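Peer 1: Handing you this structure, nothing more for now.
In my numbering, the protein residues as written are 1 to 280.
So, in structure tokens, the structure goes:
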């Protein structure tokens with residue numbers, strides 16, 4: 001059941017993984033959720049048990065983002081929440097990514113979220129309330145080896161989000177919020193094929209989160225906006241410390257590699273208990 005007066009919530013990249021979990025959690029919390037994804041069939045399937053409201057959306061298309069925002073604004077209560085979740089990952093040393101790969105990472109992860117934010121703010125500033133929640137990642141807080149271009153795109157999103165929030169306050173807009181959620185590695189299809197990938201070691205250095213745990217934190221953040229939230233909190237403090245001392249971070253690269261290898265083996269035992277541990 002939706003909560004009257006709360007308005008609509010838009011979630012990008014909602015056909016599966018974390019986006020689908022966030023949409024389900026918001027629906028359970030009383031939001032009327034518009035699920036969007038580049039895969040029209042998959043997002044319609046994901047939306048079916050949540051009220052059936054979905055639209056195909058390539059976040060790289062600024063006009064399409066604006067159309068989705070306008071549709072959501074027509075719901076009772078207007079557009080209350082926009083979650084920029086859509087994202088892609090490519091691993092390996094930065095010099096191994098060709099120009100189209102680099103461009104696609106930046107266009108989806110950074111420019112796509114900017115398009116969504118811009119579309120949402122056009123509505124929210126006019127109605128004087130609303131909340132943009134950007135799913136950033138711990139990679140937005142530190143340069144993750146093996147995920148360098150991905151991390152660069154997430155750094156850009158973090159800077160854009162915090163700067164936009166400051167711009168809103170400088171313009172005297174108090175009822176519109178921008179929050180960043182920075183989770184550790186999440187066991188979703190984005191990592192399912194990375195158990196043997198040395199380029200993905202950084203994502204396995206902590207304890208992998210479930211989409212449901214991250215989605216639950218997203219719902220809490222939707223209720224109570226904050227500029228930056230890391231999950232778990234201690235990991236955010238850890239990576240911020242390393243980011244403040246880059247020479248220390250470089251010196252600890254062998255430790256990061258060993259921790260990532262151990263994490264991949266541990267997750268492999270959980271995900272495929274009959275398989276041999278990965279050889280890296």
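Yeah, the Cβ is synthetic: ideal placement off N, Cα and C, and Gly gets one too.
Remember, it's a predicted structure, so these values are computed and weren't measured experimentally.
Using DSSP bridges, identify the partner residues of residue 130.
Peer 2: For the purposes of this step, residue 130 is taken as residue 130 along the chain shown, with counting starting at 1. In DSSP, residue 130 forms a bridge with 176.
Peer 1: Using the beta-carbon count (16 or more within 10 Å), is residue 178 buried or exposed?
Peer 2: The residue you call residue 178 lines up with position 178 of the chain shown. Per the 10 Å Cβ criterion, buried.
Peer 1: So what does DSSP say about residue 125, is it helix, strand or coil?
Peer 2: Taking the chain shown and counting its residues from 1, one reaches residue 125 at position 125. Here residue 125 sits in helix by DSSP.
Peer 1: Suppose the cutoff is 7 Å on Cβ atoms and the five residues either side in sequence are ignored; what does the same chain contact list for residue 219 look like?
Peer 2: Position 219 of the chain shown, counting from 1, holds the residue named residue 219. 25, 26 and 29, listed in sequence order.
Peer 1: Is it a yes or a no for the region 137 to 144 touching the region 171 to 187, going by three-plus beta-carbon pairs under 8 Å?
Peer 2: Enough Cβ pairs lie closer than 8 Å, so yes.
Peer 1: How many Å lie between residue 79 and residue 160 at the Cα?
Peer 2: Counting from 1 along the chain shown, the entry for residue 79 is found at position 79. Counting from 1 along the chain shown, the entry for residue 160 is found at position 160. Residue 79 and residue 160: Cα-Cα distance of roughly 21 Å.
Peer 1: Could you tell me if residue 37 is buried or exposed, where buried requires 16 or more neighbouring beta carbons within 10 angstroms of its beta carbon?
Peer 2: Here residue 37 refers to the residue found at position 37 when the chain shown is read from its first residue. Label assigned to residue 37: buried.
Peer 1: One question on the structure: do residue 94 and residue 148 come within less than 8 Å of each other, judged by their Cβ atoms?
Peer 2: Here residue 94 is taken as the residue at index 94 of the chain shown, counted from 1. Here residue 148 is taken as the residue at index 148 of the chain shown, counted from 1. Cβ atoms of residue 94 and residue 148: closer than 8 Å.
Peer 1: Verify whether the separation of the beta carbon atoms of residue 67 and residue 39 is less than 8 Å.
Peer 2: Taking the chain shown and counting its residues from 1, the one referred to as residue 67 is at position 67. Taking the chain shown and counting its residues from 1, the one referred to as residue 39 is at position 39. For residue 67 and residue 39, no; Cβs fall outside 8 Å.
Peer 1: If you pair each beta-carbon of the region 44 to 59 with each one of the region 239 to 250, do three or more pairs fall below 8 Å?
Peer 2: Contact fails: fewer than three Cβ-Cβ distances are below 8 Å.
Peer 1: CB-CB under 7 Å to residue 221, same chain, minus the five flanking residues each way: which ones, in chain order?
Peer 2: Residue numbering aside, residue 221 sits at position 221 when the chain shown is read from its first letter. Correct list, in chain order: 133, 179, 181 and 229.
Peer 1: Sorted by chain position, which residues of the same chain lie with C-beta nearer than 8 Å to residue 91's C-beta, five sequence neighbours on each side aside?
Peer 2: Within the chain shown, residue 91 is the residue found at index 91, counting from 1. These residues qualify, in order along the chain: 146, 147, 150, 194, 197, 199 and 200.
Peer 1: Residue 182 bridges to which residues according to DSSP?
Peer 2: Counting from one through the chain shown, the residue named residue 182 turns up at place 182. Bridge partners of residue 182: 230.
Peer 1: What are the boundary residues of the beta strand (DSSP E) that residue 11 is part of?
Peer 2: Indexing the chain shown from 1 puts residue 11 at position 11. Its beta strand (DSSP E) spans residues 8 to 11.
Peer 1: Hey, would you say residue 116 sits closer than 8 Å to residue 65, going by beta carbons?
Peer 2: Working through the chain shown from its first residue, we reach residue 116 at position 116. Working through the chain shown from its first residue, we reach residue 65 at position 65. Going by C-beta atoms, residue 116 is nearer than 8 Å to residue 65.
Peer 1: Which partner residues does residue 135 have in the DSSP bridge list?
Peer 2: Position 135 of the chain shown, counted from the first residue, corresponds to residue 135. Looking at the DSSP assignment, residue 135 forms a beta bridge with 181.
Peer 1: Taking C-beta to C-beta, are residue 227 and residue 131 nearer than 8 Å?
Peer 2: To locate residue 227, count along the chain shown from 1; it is residue 227. To locate residue 131, count along the chain shown from 1; it is residue 131. Contact: no.
Peer 1: Start and end of the beta strand (DSSP E) containing residue 45?
Peer 2: Taking the first residue of the chain shown as position 1, residue 45 is located at position 45. No beta strand (DSSP E) contains residue 45, which is instead part of the alpha helix (DSSP H) from 40 to 47.
Peer 1: Would you please state the rounded distance, in angstroms, between the beta carbons of residue 50 and residue 215? I believe it to be under 8 Å.
Peer 2: Residue 50 sits at position 50 when you count from the first residue of the chain shown. Residue 215 sits at position 215 when you count from the first residue of the chain shown. Residue 50 to residue 215, Cβ: 13 Å. No contact.
Peer 1: For residue 164, report the span of its alpha helix (DSSP H) as first-last.
Peer 2: Here residue 164 refers to the residue found at position 164 when the chain shown is read from its first residue. That run of the alpha helix (DSSP H) goes 148 to 170.
Peer 1: Could you give the uninterrupted runs of the alpha helix (DSSP H) lying entirely in the region 85 to 118, keeping only those of 4 residues or more?
Peer 2: As far as the region 85 to 118 is concerned, its whole alpha helix (DSSP H) runs of at least 4 residues are 99 to 106.
Peer 1: Could you give the first and the last residue of the continuous alpha helix (DSSP H) run that contains residue 217?
Peer 2: Residue mapping note: residue 217 aligns to position 217 of the chain shown, counting from 1. From DSSP, the alpha helix (DSSP H) with residue 217 extends over 211 to 223.
Peer 1: Measuring alpha carbon to alpha carbon, tell me which of 13, 255, 258 and 237 ends up nearest residue 42.
Peer 2: Residue numbering aside, residue 42 sits at position 42 when the chain shown is read from its first letter. Here the closest residue by C-alpha is 13.
Peer 1: Can residue 10 and residue 83 be called in contact, C-beta distance under 8 Å?
Peer 2: Position 10 of the chain shown, counted from the first residue, corresponds to residue 10. Position 83 of the chain shown, counted from the first residue, corresponds to residue 83. Cβ distance < 8 Å, so residue 10 and residue 83 count as in contact.
Peer 1: If we call anything under 8 Å between Cβ atoms a contact, is residue 69 one with residue 120?
Peer 2: In the chain shown, counting from the first residue as 1, residue 69 sits at position 69. In the chain shown, counting from the first residue as 1, residue 120 sits at position 120. In this structure, residue 120 lies closer than 8 Å to residue 69 by Cβ.
Peer 1: Cα separation between residue 172 and residue 118?
Peer 2: By one-based count along the chain shown, residue 172 stands at place 172. By one-based count along the chain shown, residue 118 stands at place 118. Taking the straight line from one Cα to the other gives about 17 Å.
Peer 1: State buried or exposed for residue 301, treating a residue as buried only when at least 16 other CB atoms are found within 10 Å of its CB.
Peer 2: Residue numbering for the chain in the displayed model covers 1 to 280; residue 301 lies beyond these limits and cannot be assessed.
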